[in-house]
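A.B. asks: Protein chains in written order, with this note's numbering: chain A, 35 to 322; chain B, 97 to 595; chain C, 1103 to 1413. Here's a structure for you.
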Amino acid sequence: MQARSSRKLSLSYAIIVAILVAFAIVCIMPFWYVMVSSFSDPQLIKEGLFKLLPTGWSLEAYRVVFRDVRFFNGLRITVLRTVIGTALALSVQTMMAYALSKKIPGRRIFMKLVVVTILFNGGIIPTYLVVQSLYLVDTFFALILPMVFNPWNVVLLVSFFAAQPQSVSESAKLDGAGEFTIFLKLSVPLAVPAIATILLFIAVRHWNELMDGVIYINSSNLKPMQVYLIELVMRSTTNTMIEPTEQSLTAISIQTAVIFASCLPILAVYPFLQRFFVKGIMVGAVKG
Amino acid sequence: MKKNLYALVSLLLVCAMVLGTVTAATAEEEDRPRIVILTSINVDTEGTDVNDNDYINYIRDTIGVDIEFINDGTNQYRQKMNTMLASNNPPDAFMLMDVTQRTDLARWAEEGMLLPLDDYLAEYCPDLLASIKDEAWEVTKYDGKIYAVPFQRYDSTPYLTFVRKDWLENLGIDPDDVKTIDDWYNMLKRFVTDDPDGNGIDDTYGIVSTSSGTHLTNSYFKDSFGAARAQVVDGELLPNYMLDGYKEWLKFMNKLYEEKILDPEYIVNSGSQMWEKVASGKYGMFLWFWGLQEYLSKGLDREDLVAMAPPLREDGSEASYIYSSPNRHMMAITADCENVEAVLKFFNWSCTEEGAIFLYAGLEGKDYDIVDGTIVLREDRKGKNLGWRQLTLGVQQPNVDQEPIKSILAQSFGELGMEHLALATKYGAYNDLDLFCPIFEELSQYDFDKIVSEYTDKAITGQVDIDATWDEYIQNLRQMGGDLKIQLSTDWYNNEYNK
Amino acid sequence: MLSAPGIPAWKRRLRLILNNRALYLMIFLGFAFMIVFRYLPMGGLIIAFKKYSFRKGIFGSDWVGLKQFEFIFTQNPDFYNVVRNTLVINLLKLLFYFPAPIILALMINELRSVRLKRVIQTSVYLPHFVSWVVFGTIVIQFLSPTSGVVNQIIKAFGGEPIFFMQDSKYFWGIVVVSEIWKSAGWGTIMYLSALTSIDQEQYQAAKIDGANGLQMTLHISIPGISDTIVVLLLLQIGQLMDVGFEQIYVLARPIVYDVGDVLSTYIYRVGVGQAQFSMTAAIGLFQSFVGLTLVVLANAACKKLFDKNLW
Chain A
35 MQARSSRKLS
45 LSYAIIVAIL
55 VAFAIVCIMP
65 FWYVMVSSFS
75 DPQLIKEGLF
85 KLLPTGWSLE
95 AYRVVFRDVR
105 FFNGLRITVL
115 RTVIGTALAL
125 SVQTMMAYAL
135 SKKIPGRRIF
145 MKLVVVTILF
155 NGGIIPTYLV
165 VQSLYLVDTF
175 FALILPMVFN
185 PWNVVLLVSF
195 FAAQPQSVSE
205 SAKLDGAGEF
215 TIFLKLSVPL
225 AVPAIATILL
235 FIAVRHWNEL
245 MDGVIYINSS
255 NLKPMQVYLI
265 ELVMRSTTNT
275 MIEPTEQSLT
285 AISIQTAVIF
295 ASCLPILAVY
305 PFLQRFFVKG
315 IMVGAVKG
Chain B
97 MKKNLYALVS
107 LLLVCAMVLG
117 TVTAATAEEE
127 DRPRIVILTS
137 INVDTEGTDV
147 NDNDYINYIR
157 DTIGVDIEFI
167 NDGTNQYRQK
177 MNTMLASNNP
187 PDAFMLMDVT
197 QRTDLARWAE
207 EGMLLPLDDY
217 LAEYCPDLLA
227 SIKDEAWEVT
237 KYDGKIYAVP
247 FQRYDSTPYL
257 TFVRKDWLEN
267 LGIDPDDVKT
277 IDDWYNMLKR
287 FVTDDPDGNG
297 IDDTYGIVST
307 SSGTHLTNSY
317 FKDSFGAARA
327 QVVDGELLPN
337 YMLDGYKEWL
347 KFMNKLYEEK
357 ILDPEYIVNS
367 GSQMWEKVAS
377 GKYGMFLWFW
387 GLQEYLSKGL
397 DREDLVAMAP
407 PLREDGSEAS
417 YIYSSPNRHM
427 MAITADCENV
437 EAVLKFFNWS
447 CTEEGAIFLY
457 AGLEGKDYDI
467 VDGTIVLRED
477 RKGKNLGWRQ
487 LTLGVQQPNV
497 DQEPIKSILA
507 QSFGELGMEH
517 LALATKYGAY
527 NDLDLFCPIF
537 EELSQYDFDK
547 IVSEYTDKAI
557 TGQVDIDATW
567 DEYIQNLRQM
577 GGDLKIQLST
587 DWYNNEYNK
Chain C
1103 MLSAPGIPAW
1113 KRRLRLILNN
1123 RALYLMIFLG
1133 FAFMIVFRYL
1143 PMGGLIIAFK
1153 KYSFRKGIFG
1163 SDWVGLKQFE
1173 FIFTQNPDFY
1183 NVVRNTLVIN
1193 LLKLLFYFPA
1203 PIILALMINE
1213 LRSVRLKRVI
1223 QTSVYLPHFV
1233 SWVVFGTIVI
1243 QFLSPTSGVV
1253 NQIIKAFGGE
1263 PIFFMQDSKY
1273 FWGIVVVSEI
1283 WKSAGWGTIM
1293 YLSALTSIDQ
1303 EQYQAAKIDG
1313 ANGLQMTLHI
1323 SIPGISDTIV
1333 VLLLLQIGQL
1343 MDVGFEQIYV
1353 LARPIVYDVG
1363 DVLSTYIYRV
1373 GVGQAQFSMT
1383 AAIGLFQSFV
1393 GLTLVVLANA
1403 ACKKLFDKNL
1413 W
C-alpha cells in the first residue's frame, strides 16, 4: 500500500470511515454476545440479551465441551480433513479452472456442465448411494472426496484466470515452457489473492461441514468435531427424557461455547492468510 | 519447488490412507449373535462412548448378545434414518421418534421394510406383553399388525399445571376452590391485576408458555372446552381442531391474550426463555413435565408450586390433559434382520425384574448398594443416567407403581415428586379415536399442522377475527386434504372401530 | 500458425486439441470428481417421476409420470404461496443484499490505514461464524416487544411496542436486513480479492489526470471487478427459486407462514418429515429448471449488454 502524500481528511473519507466503523461494531456485537454468553453463569444469562461483560463468570460450558475425549477425537478428524481436503480440492479446482480459462475446443460445453451442477442436485440419498458403491461409507475419505469438486469455486476461479493478461504466458511459451510450468510458475503467483480466497472458502467449509459427518460416518471415532458439538447442543435443547437431578446446562451456554470453540481455530489462522489477499505481484513486463 | 510440493502431497496422501483404514474397533466376543441398532442416545454419557461403557457392557454380558449402536444425537436423525434404510446395509433395528414416528412407521411397513412382530411376541417377549399397555401397542400397528416395540413412558401422561403457591397465598385463593373455567379465569385475572408479588408495580402475568410442541400452550384448558379429542359430529369423525369446541377455546385463549393474562411473547419464547421468565417470578402458572427438571436446575423448589387439576367442563364433568400417544418412541426391526430373536430378547429383558432394576437403579457397586436387602442409591448417583439407560435399552418397564421400582424412583425424585407423578398420571388421558385410528398413507402428502398452527396463533393473538374467519378456516382445511381425512377416518370408525 | 488457409476446420480443431493436451489433462481430474459425485447422483432425480419405494430402490420403483407434479401444481394451492414467498424473498435479497458486499468492499478498499483495514475486515467476517440458530435468537431478542432495543427506542419516542416477529408485514424486511447483517461482511472477501488484482497504475494515471475518489471508483474499481460481479450475479439469479433453510427455519413461526414458508422449509416439513421423497425430488427439479432457465436468459442478456457471460 503506497503512502499517499497528501493527507487531507476529506468529508467523504470521514463518512466512509464512520460507516465502516459503525458496521464493524454492529458485526462484532453478535460475536461478542457469543463470547460473553459462553463465559457466563448458565443459570443467570438471559437468552438473546446483549451484554458487555459476562453475567457471573463460569467456565462450566467449556468444561463440558472439552472434558469429553470425543471432542479431541473430533478435533483431530476435523483438522485432518480440513488440511488434506483443502489441499486436494484446491489443487484440483485451480488446475481445472486454469485450463477452462483458456480458449480450447469444448471449453463452453465444459463450463455449461459445471454450471449445471450448481443448479441441479441429486439429493442426499442418491449421493449416499454413490458414496456407498465406492466403499467409502464409514471411512475418512468420505469426508474428503465428495468435496473435491466445487462448481462455485471453479466458476469464480475461471473468471479470475481469464482476466489475466495473455501476453506473459505467450512469451513464456515461445521460450519453450510447458503448460503446467506456466500454470505453476506464472499464473498461480498472479492469482494468489483469488486462490487464497478460495482456499479460505474451502477450508471454512470443511471445518464447518456437518451433514457428511452425520450421513456417511457411523463409527464414533471418525466423527468430525461438528457432529460432536451439535450432539452436545441437542442434549440441552430437546429433552423429553426426565433426568431427575441431572444438571442440564442451558441451551444458550452450550450453543455459544460450541460456536466459540469451533470457530476460534479458524479465526486464529486467518490473520496469517490475510497477507495473501494483498495484491498479487505482477511478474515481469506486461506492457508491450 | 515442484519436487517438494509433490513430496508433501504424497506424504499427506499416505497419512490419509493410513487414517482411512482406521475404523472402530468394537470388542467382539466369539459366538455371540451380533445386532446393529440405529438409535439416538442424546444424553450425557459421562465422557464414554455409547458402545463402550459399564452399562452396555453389562447388558451384553448379561443377555449374551453383541449389541452395537450407530448413534446419531444430532438434529439430523431423520436424514440419517432415511439414508441408512435406503442403503443396502440397513441396521437390524432402529428408533422411530418424535411426532412423525407413526407416519414413518406406516411408510416403512407399507413398503415391507419392517418385520411384523405379532408371531414373535408371544414366544420371545412375554415380559413386554405383560408390562406394556394396549394403547401403546396400538400406536405401533399398521394394517392391523404390530411393527415396532413401543417405549411406553412410565409417566405416560406427564404434564401438569403448576401454579405459584405464594401468589395463591398472597391473594387468599384456595386452589381447591378453583374448579370451573370461570374460576380459573378469575384467578388468572387476579394474577395480573391484583399485584400478587406485592411489589407495587403492575408487571405480573398469568401464564407463561412457548408455542412450540403440540402439548404446550395448546394443552391449557383444551379438553375443558371439548377441543382436545376427535369426535363424531353429524356422522363425521372430525379431528379436534375442526370442532366447535376448538373455536370456543380459541376465543377464550384470545381473551387471555388480549388481557395480558397470557404472556404476549409466548409465540417467540424459546424453551430457555420460558424458564428465565419462570425464575423471574413474574408469571403465575405454567404447564410442564411433572419432573420439572429445568425448573429444579435453576435452583427453584418444587415445594413452591401447587399442581392443579384442569378446569371442569361446562357440563361439570372432569377434563384431562390429552395426549396422542403414551410412547416417547418406538423400536422397529427391519425385514432383513438376521438375528430377530437376539433383538427381541434384548428388548424383552428390560421388562424383566433384573432389567427393570438395572434401568431404574443402575449397576450395583456403581450406582447403588444393597443394604439389608433393599436397594439404596448412592448419594452422588441419585437420579443420574436414568435417561442414558432408558435410551440404551430402547424400551422399558413402564409400571413403576410396584416394588422395588417405586421406592427406587422415590429416592431419585423425593416424596413430592412422586406425588406429582401420581397427579400427572391421574389428570392425563388419550385422544382415543385419534390413537386407534390407523395412519392413512394417502394423507401424508398433506400438511395439516401448518394450517392449524398458523390459524391458532393468529386467532389467539387477535390477528384474525375468530367468528368471521372460522368458516373459511374449516373450508380451507377441508380442501387441503381435510375432506379426505374425514372420509377415511369416518369409514374406519363406522366399519372397524365399532366392532 | 493455424490460421493458414487451406486446412479444414475439423483438422484445425484436432490440432488445437492435441496441442493443448496438457490442459485437457488438467481438467480431467476435476471432471472425474464432478461426474462421479455430481452427475451420477443426479440419476436419482428420476424419482420425481416415480413413486419412490425404499424396497424397490431408485431404479425399481414404479413410474408415475407427471403425477407428482400434477399433485403439487394442481391439488396443492398452498404451493403457489410457498413459491411466491421464495421468489419475493430472493428478489428482495437480490435488490438489497446483493449490492451490500460490493459497496462495503469498495469502501474498505478506500481505507488508507492498513491496520484499520484489517480490523474492519476481520470484524465484518465475524457474524458469518455465528450459526443461524444463535443469530436468530439475537435477532428475535433485538426485536422483542418488551426488552428489545428497537422497541425501547420506539417507546422512548412515545410509540407502542411492535410485535415484529408475529406480524407478517415485517417478516420479509427482517429476513433481508438480518441477512445483510450476518453475511454481507463475509461476502466482501471475493470483491476485495478482485480489487487487489486491479492494476494500481490505473489509479495513479487517473489521479494525474485529476480524477477524484468517486470517479476512480466508478470508472476503475467497478469495471475492474465487474467480471466477479457478473459471475456472482448470474449464479445468484440461478438460485432464485431457492431460499436457504436455516435462516427461515429459525426466524419463521407458524403465525407468519403465509409469508414465511418457503420451498426449503416446505420440503423439510413434508418431504423429509413425512417421507415424501418423490415430492422432494419433484420440487427440487422444479427449482432447478426455473433456475436454469433464468441463468440462460440472464446470461444471454449479459452477453448482449456487457459482453460478459458465464460460458
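Backbone N, C-alpha and C fix where the C-beta goes; we use that ideal spot for every residue, glycine too.
For chain A, find out if any of its Cβ atoms is closer than 8 Å to the Cβ of T179(B); answer yes or no.
C.D. replies: In the second sequence, the residue the question calls residue 179(B) occupies position 83. Interface residue, yes.
A.B. asks: Go through the segment 131-169 of chain B residue by residue and report every complete run of the alpha helix (DSSP H) that reaches 4 residues or more, in order.
C.D. replies: Qualifying alpha helix (DSSP H) stretches, in chain order: 150-159.
A.B. asks: Does the pairing of the segment 390-406 of chain B with the segment 212-228 of chain B give three or more beta-carbon distances under 8 Å?
C.D. replies: Output reads no: the segment 212-228 of chain B does not touch the segment 390-406 of chain B.
A.B. asks: Provide the residue span of the beta strand (DSSP E) that contains T257(B), from first to last.
C.D. replies: Translated into the one-based positions of the second sequence, residue 257(B) becomes position 161. 255-260 is the span of the beta strand (DSSP E), which, as asked, contains T257(B).
A.B. asks: Taking only the alpha-carbon atoms, compute the straight-line gap between G458(B) and V68(A) and give it to the nearest angstrom.
C.D. replies: Counting from 1 along the second sequence, the entry for residue 458(B) is found at position 362. Counting from 1 along the first sequence, the entry for residue 68(A) is found at position 34. If you take the alpha carbons of G458(B) and V68(A), they lie about 37 Å apart.
A.B. asks: If you measure between the beta carbons of G1287(C) and V188(A), is that distance less than 8 Å?
C.D. replies: Mapped onto the third sequence, residue 1287(C) falls at position 185. Mapped onto the first sequence, residue 188(A) falls at position 154. The answer is no: Cβ separation not under 8 Å.
A.B. asks: Helix, strand or coil for A120(B)? Go by DSSP, reduced to three states.
C.D. replies: Looking up residue 120(B) in the second sequence gives position 24. Confidence at A120(B) is low in this model, with a pLDDT of 41, below 50, so the placement of that residue should be treated as unreliable; the coordinate-derived value is given next. It is coil, neither helix nor strand.
A.B. asks: Pull the bridge partners of D465(B) from the DSSP assignment, please.
C.D. replies: The sequence position of residue 465(B) within the second sequence is 369, counting from 1. According to DSSP, D465(B) bridges with V472(B).
A.B. asks: In three-state terms, what does DSSP make of I50(A)?
C.D. replies: Looking up residue 50(A) in the first sequence gives position 16. Helix at I50(A).
A.B. asks: Have a look at the DSSP bridge pairing and note the partners of M191(B).
C.D. replies: Position 95 of the second sequence, counting from 1, holds the residue named residue 191(B). Paired residues: M427(B).
A.B. asks: Here's the rule I'm using: 16 or more other beta-carbon atoms within 10 Å means buried, otherwise exposed. How should A121(B) be labelled?
C.D. replies: What you label residue 121(B) is simply residue 25 of the second sequence in a count that begins at 1. Below a pLDDT of 50, predicted positions are generally treated as unreliable, and A121(B), at 43, falls in that range; no measurement from the model is reported.
A.B. asks: Can you check whether the C-beta of S1155(C) is within less than 8 Å of a C-beta belonging to chain B?
C.D. replies: Locating residue 1155(C) in the third sequence gives position 53, where the first residue counts as 1. True, the Cβ-Cβ gap to chain B drops below 8 Å.
A.B. asks: Going by C-alpha to C-alpha distance, which of G387(B), G294(B), V548(B), T135(B) sits closest to H516(B)?
C.D. replies: On the second sequence, residue 516(B) is found 420 positions in, with the first residue counted as 1. Comparing Cα-Cα distances from H516(B) to each of G387(B), G294(B), V548(B), T135(B), the minimum goes to G387(B).
A.B. asks: Using the rule of at least 16 other Cβ atoms within 10 Å of the residue's Cβ for burial, across every protein chain shown, is V1216(C) buried or exposed?
C.D. replies: For the purposes of this step, residue 1216(C) is identified with residue 114 of the third sequence, where counting begins at 1. Exposed.
A.B. asks: Look up L482(B) in the DSSP assignment and say whether it is helix, strand or coil.
C.D. replies: What you label residue 482(B) is simply residue 386 of the second sequence in a count that begins at 1. Correct three-state label for L482(B): helix.
A.B. asks: Assuming M1128(C) and L190(A) make a contact with CB atoms under 8 Å, what is their CB distance in whole Å?
C.D. replies: Residue numbering aside, residue 1128(C) sits at position 26 when the third sequence is read from its first letter. Residue numbering aside, residue 190(A) sits at position 156 when the first sequence is read from its first letter. With 8 Å as the limit, M1128(C) and L190(A) do not qualify as a contact, their Cβ atoms being about 17 Å apart.
A.B. asks: What residues in its chain sit with their C-beta under 8 Å from that of A218(B), if we drop five residues either side in the sequence?
C.D. replies: Counting from one through the second sequence, the residue named residue 218(B) turns up at place 122. The answer, listed in chain order, is L225.
A.B. asks: I'd like the span of the alpha helix (DSSP H) that includes E332(B), first residue to last.
C.D. replies: Against the second sequence, residue 332(B) aligns to sequence position 236. Per DSSP, E332(B) belongs to no alpha helix (DSSP H); it is in the beta strand (DSSP E), 332-334.
A.B. asks: Would you list, in sequence order, the uninterrupted beta strand (DSSP E) runs of no fewer than 3 residues that lie entirely inside the segment 325-406 of chain B?
C.D. replies: Taking only runs of at least 3 residues, the beta strand (DSSP E) segments lying wholly in the segment 325-406 of chain B are 327-329, 332-334, 379-385, 401-404.
A.B. asks: Rank E460(B), L487(B), P187(B) by C-alpha distance to the C-alpha of R474(B) and give the top, closest one.
C.D. replies: Looking up residue 474(B) in the second sequence gives position 378. When only C-alpha atoms are compared, the closest one is E460(B).
A.B. asks: Decide if E125(B) is buried, meaning its Cβ has at least 16 other Cβ atoms within 10 Å, or exposed.
C.D. replies: Translated into the one-based positions of the second sequence, residue 125(B) becomes position 29. Confidence in E125(B) is poor, its pLDDT being 49 and thus under 50, which makes the residue's placement unreliable; the coordinate value appears in the next sentence. Its Cβ having fewer than 16 others within 10 Å, E125(B) is exposed.
A.B. asks: Counting only the same chain and skipping the five closest in sequence on each side, list residues whose C-beta sits under 6 Å from that of T310(B).
C.D. replies: Counted from its first residue, the second sequence places residue 310(B) at position 214. With a pLDDT of only 42 at T310(B), under the threshold of 50, the placement of this residue in the model should not be trusted; the figure read from the coordinates follows. Correct list: empty, nothing qualifies.
A.B. asks: Tell me whether V1398(C) sits in a helix, a strand or coil according to DSSP, three-state version.
C.D. replies: Here residue 1398(C) refers to the residue found at position 296 of the third sequence. Three-state result, V1398(C): helix.
A.B. asks: For a contact meaning CB atoms closer than 9 Å, what does K522(B) contact in chain A?
C.D. replies: Start at 1 with the first residue of the second sequence, and residue 522(B) comes out as number 426. The contacting residues do not exist; K522(B) stays about 18 Å from chain A at best.
A.B. asks: Pull up the CB-CB distance for G1346(C) and S1366(C), whole angstroms please, since I reckon it's below 8 Å.
C.D. replies: As a first step, residue 1346(C) is located in the third sequence; it is residue number 244 there, counting from the start. As a first step, residue 1366(C) is located in the third sequence; it is residue number 264 there, counting from the start. About 7 Å separates the two Cβ atoms, so the contact holds.
A.B. asks: Leaving out five residues on either side along the sequence, give the residues of the same chain with a beta carbon under 6 Å from the beta carbon of S421(B).
C.D. replies: Your numbering for residue 421(B) matches position 325 in the second sequence. Closer than 6 Å at Cβ, skipping near neighbours: V235.
A.B. asks: For A182(B), return the contacting residues in chain E, with the cut-off set at a CB-CB distance below 8 Å.
C.D. replies: Included in the structure are the protein chains A, B and C, with no chain E among them.
A.B. asks: When we look at the beta-carbon of V259(B) and count the other beta-carbons within 10 Å, is it buried (16 or more) or exposed?
C.D. replies: Within the second sequence, residue 259(B) is the residue found at index 163, counting from 1. V259(B) comes out buried.
A.B. asks: Could you tell me which chain C residues have their CB closer than 9 Å to the CB of I363(B), listed as they occur along the chain?
C.D. replies: In the second sequence, counting from the first residue as 1, residue 363(B) sits at position 267. Going along chain C in sequence order, the residues near I363(B) (Cβ under 9 Å) are F1265, M1267, Q1268, R1355, P1356, I1357.
A.B. asks: Does DSSP put I242(B) in a helix, in a strand, or in coil?
C.D. replies: Indexing the second sequence from 1 puts residue 242(B) at position 146. The answer is strand: DSSP assigns I242(B) an E or B state.
A.B. asks: Taking 8 Å as the cut-off, decide whether the C-beta atoms of Y417(B) and S315(B) are in contact.
C.D. replies: As a working note, residue 417(B) is residue 321 in the second sequence. As a working note, residue 315(B) is residue 219 in the second sequence. Cβ atoms of Y417(B) and S315(B): closer than 8 Å.
A.B. asks: Would you call L298(A) buried or exposed, if buried means 16 or more other Cβ atoms sit within 10 Å of its Cβ?
C.D. replies: Looking up residue 298(A) in the first sequence gives position 264. L298(A) should be labelled exposed.
A.B. asks: I need the boundaries of the beta strand (DSSP E) containing A525(B), first residue and last residue.
C.D. replies: Counted from its first residue, the second sequence places residue 525(B) at position 429. Element bounds for A525(B): 524-526.
A.B. asks: Helix or strand or just coil, what does DSSP make of K137(A)?
C.D. replies: Here residue 137(A) corresponds to residue number 103 of the first sequence, with the count starting at 1. Three-state result, K137(A): coil.
A.B. asks: What do you reckon, are the CB atoms on S585(B) and L333(B) nearer than 8 Å?
C.D. replies: Along the second sequence, one-based indexing puts residue 585(B) at 489. Along the second sequence, one-based indexing puts residue 333(B) at 237. Going by C-beta atoms, S585(B) is nearer than 8 Å to L333(B).
A.B. asks: Identify whether F247(B) lies in helix, strand or coil by the three-state DSSP scheme.
C.D. replies: For the purposes of this step, residue 247(B) is taken as the residue at position 151 of the second sequence. It is a strand residue.
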